[in-house]
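2 protein chains.
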Amino acid sequence: MKKHNFSAGPCILPQEVLQKASDAILNFNNDDLSLIEISHRSKSFVAVMDKARSLALELLGLENKGYKALFLHGGASLEFLMVAYNLLHKKAAYLNTGTWSDKAIKEAKAFGEVIEVGSSKDKGYAYIPKGFTIPADADYFHCTSNNTVAGTQIKEFPKTDVPLICDMSSDIFSRQLDFEKFDLIYAGAQKNMGPAGTTLVVVKEEILGKVERHIPSMLSYQTHIEKDSMFNTPAVFPVYVSMLTMQWLKDLGGIQFIEEVNTKKAALLYDEIDRNPLFKGIVAKEDRSTMNATFNLTDDSLKKTFDKMWTAAGINGLNGHRSVGGYRASMYNALPLYSVQVLVDVMQTLEKSHL
Amino acid sequence: MKKHNFSAGPCILPQEVLQKASDAILNFNNDDLSLIEISHRSKSFVAVMDKARSLALELLGLENKGYKALFLHGGASLEFLMVAYNLLHKKAAYLNTGTWSDKAIKEAKAFGEVIEVGSSKDKGYAYIPKGFTIPADADYFHCTSNNTVAGTQIKEFPKTDVPLICDMSSDIFSRQLDFEKFDLIYAGAQKNMGPAGTTLVVVKEEILGKVERHIPSMLSYQTHIEKDSMFNTPAVFPVYVSMLTMQWLKDLGGIQFIEEVNTKKAALLYDEIDRNPLFKGIVAKEDRSTMNATFNLTDDSLKKTFDKMWTAAGINGLNGHRSVGGYRASMYNALPLYSVQVLVDVMQTLEKSHL
């Protein structure tokens, strides 16, 4: 029996995608060759890359609006660097909402002045700073839409005239946003998109070409745009599985459909956290992530019992991030509502037997 | 029926590796979870990464000799940049033996003086330059061991006191060398090691830490060494399949065993190219690659017929690199001797029917 996989990432992917991916390793397109042993310049794979790039723009509603989609190497961690390399001329504004923002800030500092316009570091990143001011002369504003470690999510993005750059690694394709407000979106694949090893970058071309420094080929967005995301051999398998997952989402009804499911899943779990006296949420209610719900037991002595119970129920990946502890239920796009119900049932059983 | 896959890369992988990889996508380690939906920090995956790193050192005979093995993102193309970022203080010596050396040189030039100690660019890279001098005060000497596009291979590496750095993307694990002579070896996975999306770096720690420039986290070898190659989420599937392929090679008898097979395969094909009046080799005989044999028809009018014949024989990927044309038979570790025999048979059939 498949587990109820609440892993924070890499995370659950749709079962039909896994089946297709497994088949393609043995025989891709009925070509009597494995997906992973054909040339990335073959017609078969170029079609995969093109489809992945167009599906990304289509799902975000960004087709024919001056954006390019790229599938690059290096994860979001390399994007922390690439964003600064390509766009930081003099100074940039960053919002610090967690571990990942903090890392992005660290990498950017080597390239210019970094203004931290807001930070929730003082309270363990348990809320999203609001009411901050973005300098009008900043080269760009950077934020992290969803914070996997603390379990917070930006619900309203600031209005600003400077380019808006967002790390959406952990909530891309999970909710409707006015994506046209963003000038550059990036996302490591391993949450809602596919397996680890590729990174989606959606960039509005007009923001590029404005810094004077030399940009190494592999770090230049323009290099990758000019080569249709095939400057060097792409991560063939991760790109293919990302394509399959985006196609799965499109067939279901796209972001509009999945947002409804995600809202239901989050409501089911947060309602239980708030209702059940044995549990308490960790972050500010208005900033709670629909992707990653973080919570603690109100009585730590129940930890062993609770851990035994959810493990017995076939639940996987419920431990909090190693830097904070507690519990974290990650409810990405592919996690069924039923899995959340199983977790809620375990929480209620614990309550009945211990209160 | 599986094809005879002469693709230049991504390329053929062992059938038993493909089967295990396909199985792991559905159920890894009988954990009722897919390999690609578990945390990269899980015990199961950390064991994969550790095994991959130790197998790489073991196969190369570099255990306990001051080397670290890393599996990084970005392909050899990112290594062109990382080598220079981490090691180029004032000037470095490069040998230009083809497309990939040329790209490595281009990236390095932004970081210091690059001395091209030898080049075969004047003759379409159809030979390996010899008798060149490496300046004793160079920060390092960089070369490409095997040139996939032209089909040449360095048979003897220069003696030098400066650190020896080698891009072995297309012939790693294919032949015995005194690997201790090298200070840094890198190789994109997609030839003899695994699927595209991860890059092996084997580096002697003592050569690091000598440049003064700021090195961004993701580009610093020291970052990745400190984090046991898990600074950020690795390309889980490519690393896993690389581990399986290295284990397959070890079980067969390691590099010593496969070198014998590779020598037989290359001899079989080159003997036919030299014997058959309808074919001619392209590069200097003493520099011929055992991995990629490049050749032309002596009579171009036979092209259509030959192409039809090898396609009908179930052969895939025999066209030369798009930049040079002609034919290229890539005979990586996983290609059976039998596939080369099938190609030779087609060449002989062409001869019989047209001479």
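In order, the protein sequences belong to chains A and Z. So the first sequence is numbered by the working numbering: it starts at 2 and just counts up by one. So the second sequence is numbered by the working numbering: it starts at 2 and just counts up by one. Ideal placement from N, C-alpha and C gives every residue a C-beta, glycine not left out. None of the values given here were measured: they were computed from a predicted structure.
Legend entry - Any chain Z beta carbon closer than 9 angstroms to glutamine 248 of chain A: no
Legend entry - Distance CB(arginine 176 of chain A)-CB(asparagine 97 of chain A) smaller than 9 angstroms: In this structure, asparagine 97 of chain A does not lie closer than 9 angstroms to arginine 176 of chain A by Cβ.
Legend entry - Same chain, Cβ closer than 8 angstroms to lysine 92 of chain A, neighbours up to 5 away in sequence not counted: Answer for lysine 92 of chain A: Gly113, Glu114, Val115, Ile116, Pro136, Asp138, Ala139, Asp140, listed in chain order.
Legend entry - Those residues which DSSP pairs with leucine 165 of chain A across a bridge: A:Phe142
Inset, instruction - Could you confirm whether any beta carbon from chain A is found closer than 9 angstroms to the beta carbon of arginine 323 of chain Z? - result: Closer than 9 angstroms to some Cβ of chain A, the Cβ of arginine 323 of chain Z qualifies, so yes.
Inset, instruction - Could you list the residues in the segment 15-26 of chain A with a C-beta less than 8 angstroms from some C-beta on chain Z, going in chain order? - result: Of all residues in the segment 15-26 of chain A, the ones placed with a Cβ closer than 8 angstroms to any Cβ belonging to chain Z are Leu19, Gln20, Ala22, Ser23, Asp24, Ile26, in chain order.
Inset, instruction - Verify whether the separation of the beta carbon atoms of glutamate 181 of chain A and lysine 66 of chain A is less than 9 angstroms. - result: yes
Inset, instruction - Check the Cβ of histidine 215 of chain Z against every Cβ in chain A and list those closer than 7 angstroms, keeping chain order. - result: Ala111
Legend entry - Cβ-based neighbour list, alanine 111 of chain A, same chain, cut-off 8 angstroms, excluding 5 preceding and 5 following: Ala85
Inset, instruction - Tell me whether lysine 104 of chain A sits in a helix, a strand or coil according to DSSP, three-state version. - result: helix
Inset, instruction - Would you verify that the beta carbon of lysine 91 of chain A is, or is not, closer than 9 angstroms to some beta carbon of chain Z? - result: no
Inset, instruction - Could you round the C-beta distance between methionine 247 of chain A and alanine 53 of chain A to whole angstroms and report it? I think they count as a contact, below 8 angstroms. - result: 7 angstroms
Legend entry - Assigned secondary structure, lysine 192 of chain A (DSSP; H/G/I helix, E/B strand, else coil): coil
Inset, instruction - At 3 residues or longer, and completely inside the segment 322-349 of chain Z: list those beta strand (DSSP E) runs for me, N to C. - result: 328-331
Inset, instruction - Give the straight-line distance between the Cα atoms of isoleucine 173 of chain Z and leucine 60 of chain Z, rounded to the nearest whole angstrom. - result: One C-alpha to the other measures close to 10 angstroms.
Legend entry - 6 angstroms CB neighbourhood of proline 196 of chain A in its chain, flanking five on each side removed: Excluding residues within five positions, the ones whose Cβ falls inside 6 angstroms are Pro239, Val242.
Legend entry - Residue nearest to histidine 215 of chain Z in terms of C-alpha spacing, selected from Z:Ser302, Z:Asp288, Z:Asn87: Z:Asn87
Inset, instruction - Find the nearest neighbour of serine 55 of chain A within the set A:Asn233, A:Lys156, A:Leu201, judged by alpha-carbon distance. - result: A:Leu201
Legend entry - lysine 3 of chain Z: contacting residues in chain A (beta-carbon distance under 8 angstroms): Asp33, Leu34
Legend entry - Proximity to arginine 329 of chain Z [Cα-Cα], best of Z:Ser221, Z:Ala151, Z:Leu34, Z:Met169: Z:Ala151
Inset, instruction - Taking only beta carbons into account, state which residues of the segment 184-218 of chain A come closer than 7 angstroms to chain Z, listed in chain order. - result: Listed by position along the chain: Gly189, Gln191, Pro196, Ala197, Gly198, His215, Pro217, Ser218.
Legend entry - Euclidean distance between Cα positions of serine 340 of chain Z and histidine 5 of chain Z: 5 angstroms
Inset, instruction - Say whether chain A places a C-beta atom closer than 9 angstroms to the C-beta of glycine 318 of chain Z. - result: yes
Inset, instruction - In the DSSP assignment, find the beta strand (DSSP E) that holds isoleucine 116 of chain A and state where it starts and stops. - result: Isoleucine 116 of chain A: member of the beta strand (DSSP E) spanning 114-120, first to last residue.
Inset, instruction - Give a yes or no on whether 9 angstroms exceeds the smallest Cβ distance from isoleucine 259 of chain Z to chain A. - result: no
Legend entry - Element boundaries [alpha helix (DSSP H), containing lysine 160 of chain A]: Looking at the DSSP string, lysine 160 of chain A is not in any alpha helix (DSSP H), and its letter there is neither H nor E.
Legend entry - Cutoff 7 angstroms; reference isoleucine 106 of chain A; Cβ partners in own chain excluding five residues on either side: Tyr95, Asn97, Val115, Glu117.
Inset, instruction - Determine the direct distance from the alpha carbon of methionine 219 of chain Z to that of serine 78 of chain A, and round the result to whole angstroms. - result: Each residue's Cα considered, the two are about 7 angstroms apart.
Legend entry - Residue(s) in a DSSP beta bridge with alanine 268 of chain A: Bridge partners of alanine 268 of chain A: none, in fact.
Inset, instruction - Give, in chain order, every residue of the segment 97-131 of chain A whose Cβ lies closer than 8 angstroms to some Cβ of chain Z. - result: Lys104, Lys107, Glu108, Ala111
Inset, instruction - Return the bridge partner residues of glycine 187 of chain Z from the DSSP annotation. - result: According to the sequence provided, residue 187 of chain Z is tyrosine. The question's glycine does not apply to it. Looking at the DSSP assignment, tyrosine 187 of chain Z forms a beta bridge with Z:Asp168, Z:Val202.
Inset, instruction - Would you decide whether proline 278 of chain A is buried or exposed? Buried here means 16 or more other CB atoms lie within 10 Å of its CB. - result: exposed
Legend entry - Cutoff 9 angstroms: valine 242 of chain Z Cβ touching any chain A Cβ: yes
Legend entry - Nearest-angstrom beta carbon gap, proline 235 of chain A and methionine 50 of chain A [assumed within contact, 8 angstroms]: 6 angstroms
Legend entry - Any chain Z beta carbon closer than 9 angstroms to proline 235 of chain A: yes
Inset, instruction - Drop a sphere of 10 angstroms on the beta-carbon of lysine 228 of chain Z, count the other beta-carbons inside from all chains shown, and report buried for 16 or more, exposed for fewer. - result: Under this definition lysine 228 of chain Z is an exposed residue.
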